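J.:
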Amino acid sequence: QVQLVESGGGLVQAGGSLRLSCTASGTIWRINIMSWYRQAPGKQRELVAGITSGGSSNYGDSVKGRFTISRDNGKNTVSLQMNTLKPDDTAVYYCYVTDIVQNTYWGQGTQVTVSS
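Residues in the sequence shown are numbered from 187 upward in steps of one, following the working numbering.
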């Protein structure tokens, strides 16, 4: 059984910052890619950022230059530092993990609300 535990969501004013974290626990093959997705009401889930075990990262266009993804391979943890937050960043943020044998796992989601 694999569990992804997310933390760090909350309410912040526009221009502020939040940091999300996600830790994978349980019986899991070596993790390959760790990512963050988000879903706003009435919209499709979209990729925010992803990072490989080697440290290569990619970002959605709307967050480039504002968000930074990082990971600790030894702790199976991925973090997302979100700066200069905008009301459009309001969404439920989900941690998403794939292992080297293509198993995939989703976290339960954490709410991020940015007020104007």
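Ideal Cβ placement from N, Cα and C applies to all residues, glycine included. What you are looking at is a predicted structure, and each value in this text was computed from that prediction instead of being measured.
Is it true that the CB of VAL298 sits closer than 9 Å to the CB of VAL283?
T.: For VAL283 and VAL298, no; Cβs fall outside 9 Å.
J.: For ARG216 versus SER243, is the C-beta distance shorter than 9 Å?
T.: Contact flag unset, no.
J.: Classify VAL249 as buried or exposed, calling it buried when 16 or more other Cβ atoms lie within 10 Å of its own Cβ.
T.: Per the 10 Å Cβ criterion, buried.
J.: Would you tell me roughly how many angstroms separate the C-alpha atoms of ASN218 and GLN288, rounded to the nearest one?
T.: Going from the Cα of ASN218 to the Cα of GLN288 covers about 9 Å.
J.: Give every residue of the same chain whose Cβ lies closer than 6 Å to the Cβ of SER193, excluding the five residues on either side of it in the sequence, and list them in chain order.
T.: Contacts found: SER207.
J.: Name the two residues that bound the continuous beta strand (DSSP E) containing THR299.
T.: Its beta strand (DSSP E) spans residues 296-301.
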